[in-house]
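Everything on this sheet refers to the single structure shown next.
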Amino acid sequence: MAQGLKDTRARIDEACRLALRDPAEVSLMAVSKRQPVEAMRAAFDAGQRCFGENYVQELVEKVQTLGPLEGLQLHLIGHLQRNKVRAVVAARAAVDTVDSLRLLDALGDECARKRIVLPICVQVNVAGEPQKSGCAPGDLEALVSAARRCEAVRLEGLMAVPPAETAEQARPHFRALRELAREHGLSTLSMGMSADLEVAVAEGATCVRVGTAIFGARS
């Protein structure tokens, strides 16, 4: 696992070199869904601080176990149902998959009740895939405006999971997300995974989400 982290960071550094970017501009999120807590702790000991989880219950359980680790950052990168907002807010996890005004309102209300400010990203369904979560590009302006008015959340940027069988097929979708972020003055672009992080970095990613290349195949 430590070697997987080292190799992934080397890939990011090389992608930045080829794109004439500073490697400090691109952060690594280790996708730890269905990985045991011991693997996360080993990654933490190897210097990794940011982790992504897809399922609320798993995230909550890991927060309860790993919460004392100083500097640990947990992000929800899976779909969030409104009936699970309270659990996510209680866990103090960033939510990278806000995709509707109703979900934003529920998060804002719960964060205000808890008197915290929660970092969020808006998930965009850049290709309009009906089976995937994410707001339509045409609905983004209203959602971004509402998030900026909400004092209980801090809008950081955009996130997407584009359709692609190859890294090059993902490129136009990464590019589209970059342009949407530019139009709305957002600096964080969470895009790119194990198979296509080089293309994502070339197209402006500021956070890549990598699981398999770090932890190996999920059980």
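If you count by my numbering, then the sequence shown holds residues 6 to 224, one letter each, in order. For every residue, glycine included, the Cβ atom is placed at its ideal position computed from N, Cα and C. Nothing here was measured: the structure is a model prediction, and the numbers come from that model.
* Asked: For Leu185, which residues from the same chain have a beta carbon less than 7 Å from its beta carbon, with the 5 sequence-adjacent residues on both sides left out?
  -> So the qualifying residues of the chain are Val129, Pro142, Leu145, Leu163.
* **Continuous alpha helix (DSSP H) stretch holding Pro124: start and end** => Per DSSP, Pro124 belongs to no alpha helix (DSSP H); it is in the beta strand (DSSP E), 123-128.
* On a CA-only basis, which of Val94, Asn88, Gln136, Ile125 is nearest Arg118? Give me that one, please. => With distances taken between CA atoms, Arg118 lies nearest to Val94 out of Val94, Asn88, Gln136, Ile125.
* Asked: Going along the chain, which unbroken runs of the alpha helix (DSSP H) with 4 or more residues stay wholly within the region 91-176?
  -> For the region 91-176, whole alpha helix (DSSP H) runs of length 4 or above, ordered along the chain, are 106-119, 145-154.
* To do: Take Ala200 as the anchor and find which of Gly216, Glu188, His189 has the nearest alpha-carbon.
  => Gly216
* Bridge partner(s) assigned by DSSP for Gln78 -> Cys55
* **C-beta atoms of Cys21 and Ala35 nearer than 9 Å** => Taking a C-beta distance under 9 Å as the contact criterion, Cys21 and Ala35 do not qualify as a contact pair.
* To do: Measure the C-alpha to C-alpha separation of Glu170 and Arg176 and round it to an integer number of angstroms.
  => 11 Å
* Assuming Met6 and Ile219 form a contact by the criterion Cβ under 8 Å, report the distance between their Cβ atoms to the nearest whole angstrom. => 6 Å
* Asked: Starting from Val215 and walking both ways along the alpha helix (DSSP H), at which residues does that stretch end?
  -> From DSSP, Val215 is part of no alpha helix (DSSP H) but of the beta strand (DSSP E) over 212-215.
* Gly139 beta carbon less than 9 Å from that of Thr102 -> yes
* To do: Report the residue from Asp27, Glu66, Val166 whose alpha carbon sits nearest the alpha carbon of Ser195.
  => If we check each option's Cα against that of Ser195, Val166 comes out closest.
* To do: Please check the pair Leu108 and Leu85, which I expect to be a contact at CB under 8 Å, by giving their CB distance rounded to whole angstroms.
  => 6 Å
* DSSP three-state call for Leu182: helix, strand or coil? -> Here Leu182 sits in helix by DSSP.
* To do: Can you have a look at Thr70 and say buried or exposed, based on whether 16 or more other CB atoms are within 10 angstroms of its CB?
  => exposed
* Rounded distance between the beta-carbons of Ser32 and Cys212, thought under 8 Å -> Going by Cβ atoms, the distance from Cys212 to Ser32 rounds to 5 Å, so yes, they are a contact pair.
* If I'm right that Ala210 touches Gly197 with Cβ under 8 Å, what's the distance once you round it to whole angstroms? => 5 Å
* To do: Pull up the distance between the alpha-carbon of Arg120 and that of Gln174, whole angstroms please.
  => 43 Å
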